[in-house]
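Numbering (this note's numbering), first residue to last: 84 to 232. Don't be surprised by glycine CBs; every beta carbon is placed ideally from N, CA and C. In this text the structure is predicted, and so the values were computed from the model without any measurement. Step one of this worksheet: look at the structure below.
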């Protein structure tokens with residue numbers, strides 16, 4: 084039986100919703116109410132399909148949905164952690180667009196697009212490594228010398 088995803092969650096009992104943080108944001112932990120409902124497009128004993136709902140604590144009418152296909156033993160907390168990683172991925176893409184021209188392509192064919200995206204992502208990876216090394220070097224230069232008794 085097919086149902087729109089937003090029809091799966093209103094009838095869930097209150098105890099099925101768990102208040103959890105999905106990671107830290109600019110203003111501290113990003114806390115939401117989370118729930119999941121199993122769906123079965125096809126059934127395998129070792130894997131499950133879930134629809135996960137993320138509901139705003141301050142505005143409960145704001146609900147976002149995720150689809151997960153994962154090992155059967157995956158917990159809601161694991162799925163929340165993975166869902167929370169999307170902010171880091173989006174931030175990475177935004178940085179790659181701004182600094183490496185990830186979105187500055189005008190190509191007509193796939194090979195040209197593929198080369199552009201590959202080179203932009205390689206440049207972004209290189210910049211990330213260089214920044215990390217610079218932070219380590221900077222920290223080493225500012226650490227006070229250790230004294231021995």
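Closest Cβ-Cβ distance between residue i and chain B: below 8 Å?
| i | result |
| --- | --- |
| residue 120 | Among the chains in the structure shown there is no chain B, since it carries only a single protein chain. |
Using C-beta distances below 7 Å, list every residue in its chain close to residue i, excluding the 5 sequence neighbours before and after it, in chain order.
| i | result |
| --- | --- |
| residue 124 | 132 |
| residue 190 | 196 and 199 |
| residue 188 | 196 and 199 |
| residue 233 | The chain is shown only over 84 to 232; residue 233 falls outside these bounds and no answer can be derived. |
Ends of the beta strand (DSSP E) at residue i?
| i | result |
| --- | --- |
| residue 100 | Where residue 100 is concerned, there is no enclosing beta strand (DSSP E), given that its DSSP letter is neither H nor E. |
| residue 149 | 146-154 |
Beta-carbon separation of residue i and residue j under 8 Å?
| i | j | result |
| --- | --- | --- |
| residue 160 | residue 113 | no |
| residue 136 | residue 148 | yes |
| residue 116 | residue 130 | no |
| residue 171 | residue 185 | no |
| residue 120 | residue 140 | no |
Apart from the five residues on each side of it in sequence, which residues of its chain come closer than 8 Å, Cβ to Cβ, to residue i?
| i | result |
| --- | --- |
| residue 168 | 106 |
| residue 164 | 105 and 106 |
| residue 89 | 146 and 148 |
Skipping 5 residues on each side, what residues in its chain have a beta carbon closer than 6 Å to that of residue i?
| i | result |
| --- | --- |
| residue 206 | 183 |
| residue 94 | none |
| residue 146 | 136 and 138 |
| residue 99 | 118 |
| residue 122 | 132 and 134 |
Would you kindly report the start and end of the unbroken alpha helix (DSSP H) that includes residue i?
| i | result |
| --- | --- |
| residue 160 | 159-167 |
| residue 184 | Per DSSP, residue 184 belongs to no alpha helix (DSSP H) and is neither H nor E. |
| residue 192 | First-last for residue 192: undefined, no H or E at that position. |
(request) State whether the stretch 173-182 contacts the stretch 205-219, with contact taken as three or more CB pairs (one from each stretch) at a distance under 8 Å. (result) yes
(request) Mind listing, in chain order, the continuous beta strand (DSSP E) runs of no fewer than 3 residues lying wholly within the stretch 104-143? (result) 111-127 and 130-139
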